[in-house]
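Residue numbers for the sequence shown, in our numbering: 21 to 292.
Ideal Cβ placement from N, Cα and C applies to all residues, glycine included.
Remember, it's a predicted structure, so these values are computed and weren't measured experimentally.
Take a look at the structure set out below.
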Amino acid sequence: MFNASELGSMSAEAKPLSGLRVLVPRGGTWGDLVSKALRERGAHTVIAPLVDFAHTSEEDKLVAALKDLEAGKFDWMTATSSTVADVMQHHNAVIHPDTRVALVGEATAVAFHDAGYQITRTPSEENSTHALLREWPEIDTGEVLRVLTLRSDVAIPVVTQGLIGRGHDVTQVLAFRTVGVPASVHIREDVESGRINAIVVASAKIAQEVATQFPELHEDTLLACVGANTVETVAALGLPVEADDPEHPLYATKRALLDAVESVIDQSDTLD
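So, in structure tokens, the structure goes:
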């Protein structure tokens, strides 16, 4: 079991997450990239999806928007979740050659690239929606752009509102719903026994699933919460938010966890 005494005994040359067994709560491109980033820092990862994605409640609106996308009725489209690429492939969506694509997050870019879609703009400063809005010169020229924003039902519409606030003609569509997925008995036992040392909590929805599915969360388990909205939800649910004090023996470990996750993803379930 990974604990503070083991952490203290690590050599200066040891990777920051050596010995840590981490639950990655999403699969697909997202899970693969997060898992790789954690392993590069020494962690052992267990990909065990606690959330998955279901058809949108706006299916008719989505189909109509994708037809308009193929017809070239949009100047730009945006996405900040790799799942959007999956949805588009499911619908055999075609992006008109004159429509440009702005994305946030390495997982999103990888998914769009693998799906064969051309990418015009991603933020270079950091994987965040705020960085995209700062680094997107075309949206600040005074020209009114027609933009399609595709996002999840639990997303906070940061890009959408940023574009609307600049006076652009925005069509926002919920491309998919986020739903809970029951963990296996084996995963529940590993979490409750402490064999899982840390859980990546990358959205408010994942926080809800952790609280529901692991009511006997082991006292030594670290929760690495991505984003302020997630942290607030974790606190409201009464889940432990330990190791936030720089004097805590596992503070450096938690920061290394978050740095690894945030190096490849944006808060893709909580931002659009």
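* Have a look at residue 125 and residue 285 and give me their C-alpha separation to the nearest angstrom. => 5 Å
* **Where the alpha helix (DSSP H) containing residue 52 begins and where it ends** => 48 to 60
* To do: Determine the extent of the beta strand (DSSP E) in which residue 312 is found, giving its start and end residues.
  => This structure cannot settle anything about residue 312, because the visible part of the chain is limited to 21 through 292.
* To do: Kindly confirm or deny that the region 179 to 192 and the region 149 to 164 touch, where touching means at least three C-beta pairs closer than 8 Å.
  => yes
* Starting from residue 166, follow its DSSP beta bridges and name the residues at the other end. => 189
* Asked: Going by the beta-carbon positions, is the gap between residue 172 and residue 101 smaller than 9 Å?
  -> yes
* Asked: Just how far apart, CA to CA, sit residue 134 and residue 113?
  -> 14 Å
* Can you find at least 3 beta carbon pairs, one from the region 243 to 256 and one from the region 218 to 230, that sit closer than 8 Å? -> yes
* To do: Going by CA-CA distance only, name the one from 36, 150, 80 and 42 that's closest to residue 122.
  => 150
* Measuring CB to CB, does residue 50 end up less than 9 Å from residue 103? -> yes
* Opposing strand residues paired with residue 200 [DSSP bridges] -> 71
* Roughly how many whole angstroms lie between the Cα atoms of residue 187 and residue 110? -> 32 Å
* Going by DSSP, name the residue or residues bridged to residue 123. => 99
* **Beta-carbon separation (whole angstroms), residue 43 vs residue 200, contact threshold 8 Å** => Not really, about 15 Å apart at Cβ, beyond 8 Å.
* Asked: Per DSSP, residue 171 forms a beta bridge with which residues?
  -> 194
* **residue 273 burial status per 10 Å Cβ neighbour count (16 or more: buried)** => buried
* Asked: What residues match up with residue 44 in a beta bridge as DSSP calls it?
  -> 67
* With distances taken Cα to Cα, identify the nearest neighbour of residue 259 among 238, 279 and 128. => 238
* **Identity of the residues DSSP links to residue 243 by a beta bridge** => 219
* Sort 78, 53 and 203 by Cα distance to residue 130 and report the nearest one. => 53
* With DSSP as the reference, please indicate the residues paired to residue 275 in a beta bridge. => Answer by DSSP bridge pairing: none, since residue 275 is not bridged.
* Distance between residue 117 and residue 75 (C-alpha atoms, nearest Å) -> 27 Å
* Name the DSSP bridge partner or partners of residue 293? -> The chain is shown only over 21 to 292; residue 293 falls outside these bounds and no answer can be derived.
* Is DSSP giving residue 264 helix, strand or coil here? -> coil
* Go ahead and pull the three-state DSSP assignment for residue 158. => helix
* State the Cα-Cα distance for the pair residue 275 and residue 236, rounded to the nearest angstrom. => 24 Å
* Output the distance between the C-alpha atoms of residue 14 and residue 256, rounded to the nearest integer angstrom. => There is simply no residue 14 to check, as the chain begins at 21 and stops at 292 in what is shown.
* To do: Measure the Cβ-Cβ separation of residue 142 and residue 120 and say whether it is below 9 Å.
  => no
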